[in-house]
Amino acid sequence: MLYWPEDVPGKLDENASHYVNLIKDILRDYKARNGRKGIVVAPYDAELFGHWWFEGNWWISRVLRWVEDDPEIELTNTRIYLEANPPNKVVSVIEGSWGQASSHWVWLNEWTTWTWERIYEC
Numbered sequence: 005m006l007y008w009p010e011d012v013p014g015k016l017d018e019n020a021s022h023y024v025n026l027i028k029d030i031l032r033d034y035k036a037r038n039g040r041k042g043i044v045v046a047p048y049d050a051e052l053f054g055h056w057w058f059e060g061n062w063w064i065s066r067v068l069r070w071v072e073d074d075p076e077i078e079l080t081n082t083r084i085y086l087e088a089n090p091p092n093k094v095v096s097v098i099e100g101s102w103g104q105a106s107s108h109w110v111w112l113n114e115w116t117t118w119t120w121e122r123i124y125e126c
């Protein structure tokens, strides 16, 4: 697949629209099943934007503009959401990594032990 810079704006809009619609589907489904508003927590690794994915900054900007203009989605933070929607159960999230082989080996190995000992002391 070749990279055509002139196609970038259209692809950004297409991908941002797709992502926003996925969020809307998730929130609608949650509300239909649980009878209350849900929240989508979407943290991003800052290294991704601009370093590994040049257009990432433009993409997230488009996503946020689409979300801001969409009456079905409300931008908030976890503190505000949890104050308005107290949790009624605890969920355990599985550990994951984007490291090699989807493991933490890159960061947790015999060569990095010295750094973790110092980090855990803090």
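Residue numbers (this note's numbering): 5 to 126. Heads up, the beta-carbon is just placed ideally off N, CA and C, and yes, glycines get one too.
Taking the alpha carbon of residue i as the point to measure from, which residue in the options has its own alpha carbon closest?
i      : options                          : result
Pro129 : Val67, Phe58, Ser106 and Ile64   : No information on residue 129 is available, as it lies outside the stretch 5 to 126 that the chain covers here.
Asp29  : His55, Asn113 and Glu76          : Glu76
Tyr85  : Trp111, Asp11 and Arg40          : Arg40
Tyr48  : Glu87, Ser101, His108 and Leu112 : Ser101
Trp70  : Thr82, Met5, Ala20 and Asn81     : Ala20
Asn38  : Gly14, Pro91, Val97 and Trp111   : Pro91
Asn81  : Ser96, Trp56, Val97 and Ala46    : Ala46
Glu72  : Tyr124, Ile27, Tyr7 and Arg122   : Ile27
Taking residue i and residue j to be in contact with their CB atoms under 8 angstroms, please state how far apart those CB atoms are, rounded to whole angstroms.
i      : j      : result
Phe53  : Ile43  : Their Cβ separation, rounded to whole angstroms, is 22 angstroms, which puts Phe53 and Ile43 out of contact at 8 angstroms.
Asp17  : Arg66  : 6 angstroms
Trp118 : Leu112 : Contact flag wrong, Cβ pair sits at about 12 angstroms.
Going by DSSP in three states, residue i sits in which element: helix, strand or coil?
i     : result
Lys35 : helix
Asp49 : coil
Ile30 : helix
Gly42 : coil
Leu6  : coil
Item to check | Any alpha helix (DSSP H) of 4 or more consecutive residues that is wholly inside the stretch 51-124 | outcome: Counting only runs that start and end inside the stretch 51-124, the alpha helix (DSSP H) elements of at least 4 residues fall at 60-73 and 82-88.
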